[in-house]
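Engineer:
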Amino acid sequence: MNPAERRLPFLKVLRTLDYLQIITMVLLLAIGIIFIRSTGIQVDNAESRGFFIRQLTWIAAGGGAYIMVSALDYRSLFCRAAIVMGYALTVVLLIAVLLFGLKIYGATRWLNIFGFRLQPSEPAKLMVIGMLAAIFSAPGMIKQPLMCLATAGITVGIPFLLIVIEPDLGSALVLLPITASMLFCFGIKWRYVLIGILLVAAGIGFILFDSFREDPIVLRDYQRDRIKTFLDPTADLGNRGHNAHQARLAVGSGGWSGTGIGEGTQNQLGFLPQTVSNNDFIFSVIAEETGFAGVMLLLLLYILLLYSILRTAFITSGYGRYLCCGVATLIFCHIFINTGMSIGIAPVTGLPLPLVSYGGSFIMTSMTTLGIVQSVYRTTKAETLE
Numbered sequence: 158m159n160p161a162e163r164r165l166p167f168l169k170v171l172r173t174l175d176y177l178q179i180i181t182m183v184l185l186l187a188i189g190i191i192f193i194r195s196t197g198i199q200v201d202n203a204e205s206r207g208f209f210i211r212q213l214t215w216i217a218a219g220g221g222a223y224i225m226v227s228a229l230d231y232r233s234l235f236c237r238a239a240i241v242m243g244y245a246l247t248v249v250l251l252i253a254v255l256l257f258g259l260k261i262y263g264a265t266r267w268l269n270i271f272g273f274r275l276q277p278s279e280p281a282k283l284m285v286i287g288m289l290a291a292i293f294s295a296p297g298m299i300k301q302p303l304m305c306l307a308t309a310g311i312t313v314g315i316p317f318l319l320i321v322i323e324p325d326l327g328s329a330l331v332l333l334p335i336t337a338s339m340l341f342c343f344g345i346k347w348r349y350v351l352i353g354i355l356l357v358a359a360g361i362g363f364i365l366f367d368s369f370r371e372d373p374i375v376l377r378d379y380q381r382d383r384i385k386t387f388l389d390p391t392a393d394l395g396n397r398g399h400n401a402h403q404a405r406l407a408v409g410s411g412g413w414s415g416t417g418i419g420e421g422t423q424n425q426l427g428f429l430p431q432t433v434s435n436n437d438f439i440f441s442v443i444a445e446e447t448g449f450a451g452v453m454l455l456l457l458l459y460i461l462l463l464y465s466i467l468r469t470a471f472i473t474s475g476y477g478r479y480l481c482c483g484v485a486t487l488i489f490c491h492i493f494i495n496t497g498m499s500i501g502i503a504p505v506t507g508l509p510l511p512l513v514s515y516g517g518s519f520i521m522t523s524m525t526t527l528g529i530v531q532s533v534y535r536t537t538k539a540e541t542l543e
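Residues 158 to 543, numbered by this note's numbering, are exactly what the sequence shown covers, in order.
(1) Considering only DSSP beta bridges, list what R274 is partnered with.
(2) Let me know if L289 comes out buried or exposed under the rule of 16 or more other beta-carbons within 10 Å of its beta-carbon.
(3) Quick check: the Cα distance between L363 and L330, rounded to an integer number of angstroms?
(4) Starting from S410, follow the alpha helix (DSSP H) in both directions and report where the run begins and ends.
(5) DSSP on L463, reduced to helix/strand/coil?
(6) How big is the Cα-Cα spacing for K260 and A253?
(7) Report back the beta-carbon spacing between M407 and N424 to the nearest angstrom; my notes put them in contact at under 8 Å.
(8) CB I443 to CB F192, shorter than 8 Å?
(9) Run through the DSSP bridge pairs and tell me what K260 is partnered with.
(10) Which same chain residues, not among the five before or five after Q212, have their C-beta less than 6 Å away from its C-beta?
(11) What do you get for Q301, buried or exposed, if any count of 16 or more other CB atoms within 10 angstroms of its CB means buried?
(12) Can you check whether the CB of T536 is closer than 8 Å to the CB of Y231?
(13) Of the residues S518, G477 and L456, which one's Cα is nearest the Cα of G497?
(14) V183 and I529: beta carbons closer than 8 Å?
(15) Is the closest heavy atom of the ligand ADP to the C-beta of I322 under 7 Å?
(16) Assuming F440 and L527 are in contact, meaning their beta carbons sit under 8 Å apart, how far apart are those beta carbons, in whole angstroms?
(17) Count the CB pairs spanning the stretch 470-479 and the stretch 334-348 that are closer than 8 Å, and state whether there are at least three.
(18) With T181 and L458 assumed to form a contact (beta carbons below 8 Å), what rounded beta-carbon distance in angstroms separates them?
(19) Going by other Cβ atoms of all chains shown within 10 Å of its Cβ, with 16 needed for buried, is M242 buried or exposed?
(20) For T506, which of helix, strand or coil comes out of DSSP?
(21) Quick one: what's got a C-beta closer than 8 Å to G219's C-beta in the same chain, skipping five residues either side?
(22) Leaving out the 5 sequence neighbours to the left and right, which residues in its chain are closer than 6 Å to L303 when beta-carbon positions are compared?
(23) By how many angstroms is the C-alpha of S465 removed from the C-alpha of G258?
(24) In angstroms, rounded to a whole number, what distance separates the CA positions of Y534 and R468?
(25) If you measure between the beta carbons of L508 and I494, is that distance less than 8 Å?
(26) Would the beta-carbon of E445 fall within 8 Å of that of G501?
(27) Could you tell me the distance, in whole angstroms, from the CA atom of I320 to the CA atom of E371?
(28) Consult DSSP for E162 and reduce its assignment to one of helix, strand or coil.
(29) For the alpha helix (DSSP H) containing Q425, list its first residue and its last residue.
(30) Under DSSP, the alpha helix (DSSP H) around Y479 begins and ends at which residues?
(31) Span of the alpha helix (DSSP H) holding F438?
(32) How far does the alpha helix (DSSP H) with T308 in it extend, from its first residue to its last?
(33) Within this structure, are the beta carbons of P296 and T247 separated by less than 8 Å?
(34) By alpha-carbon positions, which one of F366, A228 and G448 ends up nearest to G419?
(35) Starting from L340, trace the alpha helix (DSSP H) both ways and give me its first and last residue.
(36) Let me know the secondary structure DSSP gives V530 once reduced to three states.
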């Protein structure tokens, strides 16, 4: 085989890659690294530098997972079996969290594995997407909608309940729009959609009712307080409402061009503590230090990323389309809720900003899901070139 022939398969792979997704992903990761370091300048100690170094480590690991997953054929028996085994392992880990997990800030959401904290609720989102895609694309399911709904309900319900018990209501609730969007892609009849909307509305009504009870039935005290603080932001500025209030001040103080990277007063003076500024409220730090212009650039990158995922969904069908639909919904929900927390249009739920917030579990999940989408795009594109 001459050198030209050896280069041919490699060149063909390069022609099938979704470069828009790759570029936007890398830029978002770079923004995250910059502002995670910025949030640590206020204290500049070993712990703050540790956040920065650990994030780089997780990005490197996520990059390896991204390359490996995107190189596979997402339709292969190996990939489908990996999803099933991954789902089963995730359920086991969610049970292990309840039994042996680390309790931090009143919630038991993490496992300590060889010195690294793993939050199983994050990969659970990916596993649910993969399982639902497999269910909806299975032969004959379109002719058995009730069986399909029951199977999907059990698949989502098990991790949903386990995550709620931790408690991590925010991560659990993200599973609902993911399921809804994939059902819409499946072509569910409108009467089932209407029933689902009514059930969700009833659930939201019950949660609001429960938040005003002195002895809540379902909600934990801190969850009730968060809802009350969202409904009345000035009710508890000295305690539960402090971080959300400071986050809104940070966004408002950024103006058009921001105060400069590392120069935000809310961030650097510690009004927005580092315990939340590099993950839950990193959007506020970006808004304060880069202003309206920086926020628009950030949102534009997210729009391009979502566009690349939905474009992939439209050029494929079946299993691949369901996967892309679920991934797009997952990323959109995190973007909307995280930015909404910072500007006061969503309650504080602790959902990270995709590819930007500090946190190994969600970085790994985000990059793996994007690797799956890249695999769908690459495989579909390769078929058109044959």
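Even glycine gets a Cβ: it sits at the ideal position worked out from N, Cα and C.
Structural biologist: This is what the structure holds:
(1) N269
(2) buried
(3) Per the sequence shown, residue 363 should be read as Phe rather than Leu. Taking the straight line joining both Cα atoms gives about 14 Å.
(4) H399 to S410
(5) helix
(6) 13 Å
(7) Going by the sequence as given, residue 407 is Ala instead of Met. That belief holds up - the Cβ atoms of A407 and N424 are roughly 7 Å apart, short of 8 Å.
(8) yes
(9) T265
(10) I193 and Y515
(11) exposed
(12) yes
(13) L456
(14) no
(15) The ligand ADP is not part of this structure, which contains no ligands at all.
(16) About 20 Å; that fails the 8 Å criterion.
(17) yes
(18) 5 Å
(19) exposed
(20) coil
(21) I520, M521, S523, M524 and T525
(22) none
(23) 37 Å
(24) 9 Å
(25) yes
(26) no
(27) 24 Å
(28) Only weak support exists for where E162 lies, its pLDDT of 45 falling under 50; the coordinates are left without a value.
(29) T422 to Q425
(30) Y476 to I500
(31) Taken as a continuous stretch (DSSP letters only), F438 belongs to no alpha helix (DSSP H), as it is neither H nor E.
(32) P302 to I322
(33) no
(34) G448
(35) L326 to F343
(36) helix
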